[in-house]
Every structure is written in C-alpha cells, then in structure tokens.
Amino acid sequence: MAIRPILTAPDPRLKQISTPVESVDDDVRALMDDMLETMYDAPGIGLAAIQVGVPKRIIVMDIAGPEEEPAPRYFVNPEILDPSEDLTVYQEGCLSVPEFYEEVERPAKCRVKFLDYDGNPQILDAEGLLATCIQHEIDHLNGVLFIDHLSRLKRDRILRKLKKEQRLAAAE
Ligand code: GNR
Ligand code: NI
9 MAIRPILTAP
19 DPRLKQISTP
29 VESVDDDVRA
39 LMDDMLETMY
49 DAPGIGLAAI
59 QVGVPKRIIV
69 MDIAGPEEEP
79 APRYFVNPEI
89 LDPSEDLTVY
99 QEGCLSVPEF
109 YEEVERPAKC
119 RVKFLDYDGN
129 PQILDAEGLL
139 ATCIQHEIDH
149 LNGVLFIDHL
159 SRLKRDRILR
169 KLKKEQRLAA
179 AE
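In this note's numbering, the protein residues as written are 9 to 180.
In structure tokens form, the structure reads like this:
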C-alpha cells in the first residue's frame with residue numbers, strides 16, 4: 009500500500025472523463041488499497057481515482073465518524089439510478105480544491121449500481137451524507153468538480169486563489 013499525491017485544481021487531468029473498469033482484478037484492488045490509504049491520510053471521506061491521476065471509474069469512501077469503526081466502501085463503475093426529486097444542500101469540500109467549502113444542492117437520495125471490491129454487482133440506496141458524497145465522487149469520474157456547481161464568479165475566485173497558492177508553493 010502507498011500514499012499517492014492528490015491532484016489539485018486547475019490541473020487539466022481533473023477534467024478528464026474516466027473510463028470503465030473491464031474487470032476487478034488484483035491490479036484494480038491494489039489501486040483501491042492505495043486510494044483508501046491516501047484518503048485516510050489526507051484525511052477525506054471519499055476519493056476518486058482521477059484525483060490520484062488514474063482515469064478509471066473507481067471510488068473509495070468512508071463516512072464513518074471519528075468515534076466509529078472504519079467502514080471502507082469501494083465502488084467500481086458506479087451509476088446513479090432514481091435520483092430523488094427532492095434536493096438537499098450540503099457544505100462540500102474537496103481534496104482537489106483544498107481549504108474551500110461551499111454549499112452545493114443535489115438530489116437528497118439516490119440508488120447506486122456498482123461493482124464491489126470482489127467484482128460482484130451491488131445496488132445501494134443512499135441518502136444523507138452518503139448520497140451527497142457518492143454524487144460528488146461520480147462527478148469526478150465525469151470531470152466535474154463541486155466548484156462547477158457554483159456561480160462562475162465564485163468558481164473563478166476560488167480557482168484564482170488556488171493558482172496563487174500553487175505559485176507561492178512552487179517558489180519556496
Ligand atoms: O473529504 C471530503 N469531504 C466531503 C464533504 C462534503 C461533500 C463531499 C466531500 S468529498 C471530500 C473528499 C473528496 O474530495 N472526494 O472527491
Ligand atoms: Ni472531491
């Protein structure tokens with residue numbers, strides 16, 4: 009297992025559309041193990057493969073609280089089914105948009121079809137933080153960041169600050 013570097017916006021790789029996994033083999037499981045370790049280290053509650061530069065439709069997640077047992081989840085080729093009409097607002101953050109948090113509105117509930125760690129097909133009914141996080145992660149697989157849901161003014165302001173941060177970090 010290894011911690012991999014996380015890409016930050018506006019890295020153009022984050023805009024790529026990730027491709028489906030053909031089979032959940034040991035290489036895919038090794039990548040998922042690295043992703044989970046990287047996510048826990050960050051720390052974050054979800055991570056899409058493209059955030060570590062791999063354009064495959066793979067997500068890892070753990071929304072257990074700090075006092076709870078770890079509950080890692082793995083989603084390969086996830087698809088959203090039946091998004092609810094009712095929406096919910098959550099203050100989102102993203103490891104690829106460090107230190108910015110903004111409210112995003114999304115369907116409150118959804119069903120997710122995916123392959124698990126062993127390659128078995130699964131269906132999960134999600135609501136609350138789980139539903140929000142899964143939609144945030146599937147957005148990554150389609151090259152979309154949470155800031156793409158904000159007004160252009162807010163998005164550009166955040167991107168400008170991120171670029172400045174990166175310029176300062178590179179000059180150190
Ligand atoms: O760690 C994360 N927290 C979070 C909070 C609200 C909504 C979504 C997220 S996902 C984020 C980790 C991340 O960037 N995943 O892509
Ligand atoms: Ni994210």
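No residue lacks a Cβ here, since even glycine has one placed at the ideal position from N, Cα and C.
Nothing here was measured: the structure is a model prediction, and the numbers come from that model.
- Fewer than three Cβ pairs drawn from the stretch 161 to 180 and the stretch 39 to 46 lie within less than 8 angstroms of each other, which leaves the two stretches out of contact.
- Within the same chain, Cβ atoms closer than 8 angstroms to the Cβ of Pro63 are found at Arg21, Gln24, Ile25, Ser26, Thr27, Ala57, the five residues on either side in sequence being excluded.
- In this structure, Phe122 sits away from Pro80, with a CB-CB distance that is not shorter than 7 angstroms.
- Secondary structure at Ile88: strand, using DSSP grouped into helix, strand and coil.
- The secondary-structure analysis by DSSP pairs Pro129 across a beta bridge with Leu123.
- Relative to the Cα of Asp34, the nearest Cα in the group Glu113, Gly61, Asp124 belongs to Asp124.
- Sorting His157, Gly101, Pro115 by C-alpha distance to the C-alpha of Asp90 places Pro115 at the top.
- The three-state reading of DSSP puts Thr27 in strand, counting E and B together.
- For Gln174, the uninterrupted alpha helix (DSSP H) segment begins and ends at 160 to 179.
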